[in-house]
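What follows is a single structure, written as structure tokens, with notes after it.
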Amino acid sequence: MKRVVHTCLKAGRLMLAGGSEMYRVEDTMRRIAVNAGIKEVNVFAMPTGLFVSLDDGECSTVTELETVKKRAINLELVDQVNEFSRKFADKRIDLEELEEKLREIAENAPTFPLWLQVIGAGILSATLMVLFLGVYDWIDFPVAGLIGASGYLMDSWLKGHTKIRFLAEMIAAMGMGLLTIIINGIFLACNVNNILTGALMTLVPGLALTNALRDLFMGDWVSGIVRMCEAAMTAIALGGGVGIVIRFLGA
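In structure tokens:
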């Protein structure tokens, strides 16, 4: 029972850390416990914690909880945990192998190298400026990519050096605004609004907002409201950071 509980909690924690929806986390944990032979399974997942209660039907009950403090967006992580839980359900691997796979995933979380993420952020910023505004300019286009890549790099570095939520986003947004104004001073043909609109898209919590709505539609009110507030606070931090720089330096 203890072993099954710990495996369920590890799988759920990894999925929450990867940004999974609550119903998927609960379904994966429940699938593992049921296929391990547990007769009664109760699982409750929130963005900051997991609760599991297992009953083997013989007056033996185990209940544990685990907090989840670090969360990000890593869909590859979610996919791998989900894949191995389904292999366990199909009897292609046993509980011991599932534990080992989850341990490997936790120790070597699948991710792209930072340099590739920065390049992707630059491409995304430039193309989204065109998509959202319908404006293409030979100066604004590469500048939006440069600012977006720089902002993403600043945000990644700051998140590794501070535990204060939303501070990294605000400082990164301020840096993006400052760089844009400096470049605008060099190339007077730049449009600050267009550049920042595209550049800030790399930090906008689009997936978090989508998952919040999905949780609300699935009836997970606590998770949906918490994630909605988190996405709103991130957006406020981004807008506030840019607004402070523009207010005092002008554009």
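Each residue of the sequence shown is one higher than the last, beginning at 4 in my numbering. Glycine included, every Cβ here is placed at the ideal spot set by N, Cα and C. The structure displayed is predicted, hence computed values, not measured ones.
Item to complete: Taking all protein chains shown into account, decide if leucine 206 is buried (16 or more other Cβ within 10 angstroms of its Cβ) or exposed.
Response: It is buried - the Cβ of leucine 206 has at least 16 other Cβ atoms within 10 Å.
Item to complete: Rounded to whole angstroms, what's the CA-CA distance from isoleucine 167 to alanine 238? Just pull it up for me.
Response: 16 Å
Item to complete: Flag aspartate 58 as yes if its beta-carbon sits less than 8 Å from any beta-carbon of chain D, otherwise no.
Response: In the displayed structure, chain D is absent; only one protein chain is listed.
Discussion item. With three or more C-beta pairs closer than 8 Å as the rule, is the stretch 176-186 touching the stretch 136-155?
Written reply: yes
Worksheet item: Is the stretch 128-140 touching the stretch 197-204 in the sense that three or more CB pairs, one from each, lie closer than 8 Å?
Response: yes
Discussion item. Could you compute how far the alpha carbon of leucine 117 sits from the alpha carbon of alanine 36?
Written reply: 36 Å
Worksheet entry | Opposing strand residues paired with alanine 48 [DSSP bridges] | Leu53
Worksheet item: What separation, rounded to the nearest whole angstrom, lies between the Cα atoms of aspartate 97 and serine 56?
Response: 21 Å
Discussion item. If I measure Cβ to Cβ from lysine 5 and keep anything under 7 Å in the same chain, skipping five residues before and after, which residues do I get?
Written reply: The beta carbon of lysine 5 sits closer than 7 Å to the beta carbons of Val65 from its chain, once the five residues preceding and following it are set aside; these are given in chain order.
Worksheet item: Tell me the DSSP bridge mates of leucine 68?
Response: In the DSSP assignment, leucine 68 forms a beta bridge with Phe54.
Worksheet item: Hey, which unbroken runs of the beta strand (DSSP E) at 3 residues or more fall wholly within the stretch 140-164?
Response: none
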